[in-house]
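Enquirer: In our numbering, the protein residues as written are 70 to 562.
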């Protein structure tokens with residue numbers, strides 16, 4: 070985008086005539102791999118500070134201020150990180166020795182910004198409707214932010230803490246406005262774990278009334294496998310039943326405890342039976358391979374669980390079964406992410422992922438099961454960038470120069486190009502992706518403060534190694550640190 074916009078790629082090469090380049094969103098929580106290309110990073114939710122930033126910019130321009138002076142002024146705004154005002158030094162073994170501000174106004178810690186009161190926050194009542202067909206060709210309705218569950222591999226579950234809900238009345242008003250203003254015939258409920266919305270049954274009854282009158286379909290992502298989910302999907306899908314999608318994440322109970330999924334095999338099978346009994350015959354299951362402490366038995370457990378679900382279908386009396394059962398198993402490769410309890414854990418190699426996928430495939434004996442696995446090469450590149458420091462930026466630039474432009478499309482991804490780029494930039498894949506890190510190592514993202522403490526993440530990692538689970542936020546507070554935001558689920562009672 071920078072190249073096409075004729076903006077100098079590196080921040081240091083930009084002049085007064087060039088725009089100020091700001092990056093944000095979940096990937097910016099480790100800003101370092103993009104630090105040389107970006108003028109300022111915004112850490113947190115945009116509604117909090119962007120009005121202030123734009124007002125400050127307009128005033129600055131009116132007074133004839135320079136580009137450089139404005140970037141310096143940004144240091145005074147909470148949540149803004151300006152990479153050039155920080156110096157990084159490295160040890161002989163490649164680990165970070167120190168991360169030091171080089172400007173008197175540069176903060177030692179950049180604190181994420183969040184909307185505490187979702188009721189009062191802005192939500193667009195007119196969403197952009199493109200002329201061409203988009204991937205997400207529907208209305209998006211945000212129900213709440215954050216997640217109660219605390220899965221230990223999940224970055225979003227940590228960086229979006231605490232959970233902050235909107236009232237059902239607020240949501241219904243937004244739904245009506247968006248359906249009217251866009252003309253879409255489908256509405257998707259957006260959240261990290263839709264089933265955990267505290268007023269879900271009442272809200273869904275209200276939404277169904279609205280949508281049935283307007284002949285609008287409802288899409289329900291991120292559901293847990295339980296009776297309420299099946300009842301809900303029965304209401305939503307009525308006669309035409311598409312497949313149900315669930316994410317057990319791991320094949321054995323031991324691994325589900327390690328990752329803190331808080332989902333038992335009995336619950337999975339019972340949920341599947343309820344779905345089959347209600348008329349579904351297609352189930353999609355999502356798993357992860359390469360999780361910390363994973364053993365061969367855990368891998369085989371993925372195939373075994375799929376086969377148990379097929380067997381569950383045949384416990385339904387023949388006259389009540391709807392067609393033939395189909396179970397789709399999909400596996401993704403574990404990528405250790407910043408601000409998760411597993412951020413210190415090394416990733417499996419490409420070869421190890423291939424071997425584990427082969428083991429699952431060879432363990433499946435039922436023809437009713439279809440198996441898909443995510444490409445492990447892209448996951449390795451993802452791990453290098455996810456846990457990378459500033460030196461990784463040169464590898465990204467070399468990959469771009471070598472032709473890596475549309476790599477999110479599988480047919481355009483070239484692993485060889487990335488390997489060559491990393492070699493040119495002297496980037497060691499093992500050092501970034503596959504190496505375990507110690508608790509006392511300075512991590513590239515340690516200067517970012519998400520509210521969740523490092524002590525909590527360490528405690529969760531230690532519990533994972535012992536196979537101990539942590540209750541979700543409404544069940545019991547785990548003192549993760551998110552209470553400092555003075556809102557949300559932490560203060561519900």
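Glycine included, every Cβ here is placed at the ideal spot set by N, Cα and C.
I'd like to check one pair, residue 256 with residue 285: are the Cβ atoms closer than 7 Å?
Expert: Yes. Within cutoff.
Enquirer: How would you call residue 419, buried or exposed, if buried means at least 16 neighbouring beta carbons within 10 angstroms?
Expert: buried
Enquirer: When DSSP labels each residue in this structure, what does residue 96 get in the three-state scheme?
Expert: helix
Enquirer: Can you give the Cα-Cα distance for residue 227 and residue 529, rounded to whole angstroms?
Expert: 12 Å
Enquirer: Would you kindly work out how many angstroms separate the C-alpha atoms of residue 251 and residue 495, rounded to a whole number?
Expert: 49 Å
Enquirer: Is the Cβ-Cβ distance between residue 341 and residue 378 less than 7 Å?
Expert: yes
Enquirer: In this structure, how does DSSP classify residue 442 when only helix, strand and coil are distinguished?
Expert: strand
Enquirer: Which value, in whole angstroms, describes the spacing of the CA atoms of residue 434 and residue 353?
Expert: 17 Å
Enquirer: Whole angstroms are fine: how far does the CA of residue 412 sit from the CA of residue 443?
Expert: 21 Å
Enquirer: How many angstroms separate the CA atom of residue 88 from the CA atom of residue 506?
Expert: 38 Å
Enquirer: When you compare each of 218, 249, 74, 282 to residue 266 by their alpha carbons, which one comes out closest?
Expert: 218
Enquirer: Buried or exposed for residue 491, please, with buried defined as at least 16 other CB atoms from any protein chain shown within 10 angstroms of its CB.
Expert: Flag for residue 491 reads buried.
Enquirer: Name the two residues that bound the continuous beta strand (DSSP E) containing residue 357.
Expert: 351-358
Enquirer: Give a yes or no on whether the C-beta atoms belonging to residue 305 and residue 347 are separated by under 7 Å.
Expert: no
Enquirer: Near residue 541, which residues of its chain fall below 6 Å by C-beta distance, leaving aside the five closest residues on each side in sequence?
Expert: 217, 218
Enquirer: Does the distance from the C-beta atom of residue 140 to that of residue 186 stay below 7 Å?
Expert: no
Enquirer: Would you mind working out which of 335, 446, 282 sits nearest residue 479, comparing C-alpha positions?
Expert: Distances from the alpha-carbon of residue 479 to those of 335, 446, 282 put 446 closest.
Enquirer: Taking the alpha carbon of residue 144 as the point to measure from, which residue in 122, 133, 163 has its own alpha carbon closest?
Expert: When only C-alpha atoms are compared, the closest one is 122.
Enquirer: Using CA atoms only, rank isn't needed, just tell me which of 157, 321, 509 is closest to residue 362.
Expert: 321
Enquirer: Could you name the residues that DSSP lists as bridge partners for residue 158?
Expert: DSSP output for residue 158 lists 167 as bridge partner(s).
Enquirer: Can you tell which of 389, 431, 357, 469 has its C-alpha closest to the C-alpha of residue 417?
Expert: 357
Enquirer: Residue 205: buried (16+ other C-beta within 10 angstroms of its C-beta) or exposed?
Expert: exposed
Enquirer: How many Å lie between residue 514 and residue 458 at the Cα?
Expert: 8 Å
Enquirer: Kindly indicate which residue of 453, 183, 221 has the alpha-carbon position closest to the one of residue 331.
Expert: 221
Enquirer: Look up residue 534 in the DSSP assignment and say whether it is helix, strand or coil.
Expert: helix
Enquirer: Report buried or exposed for residue 198, applying the criterion of at least 16 other Cβ atoms within 10 angstroms of its Cβ.
Expert: By the neighbour-count rule (16 or more Cβ atoms within 10 Å), residue 198 is not buried but exposed.
Enquirer: Please state the DSSP three-state secondary structure of residue 457.
Expert: coil
Enquirer: Just to confirm before moving on: does the CB-CB distance between residue 116 and residue 184 stay below 7 Å?
Expert: yes
Enquirer: Would DSSP call residue 328 helix, strand or coil?
Expert: Residue 328 falls in the coil class under three-state DSSP.
Enquirer: I'd like to confirm the pairing. Which residues does DSSP put opposite residue 402 in its beta bridges?
Expert: 358
Enquirer: Contact defined as beta carbons within less than 8 Å: I believe residue 522 pairs with residue 556. What is the distance between those atoms, to the nearest angstrom?
Expert: Contact doesn't hold; Cβ gap of about 18 Å is too wide.
Enquirer: Should the stretch 169-177 be called in touch with the stretch 147-158, which here means at least 3 C-beta pairs below 8 Å?
Expert: yes
Enquirer: To the nearest angstrom, how far is the alpha carbon of residue 384 from that of residue 339?
Expert: Looking at the two C-alpha atoms, the distance is approximately 11 Å.
Enquirer: Taking the beta carbon of residue 75 as the centre, do at least 16 other beta carbons fall within 10 Å, making it buried, or is it exposed?
Expert: exposed
Enquirer: What's the gap between the Cα of residue 493 and the Cα of residue 460?
Expert: 12 Å
Enquirer: Taking the beta carbon of residue 539 as the centre, do at least 16 other beta carbons fall within 10 Å, making it buried, or is it exposed?
Expert: Answer is buried; the Cβ neighbour count reaches 16.
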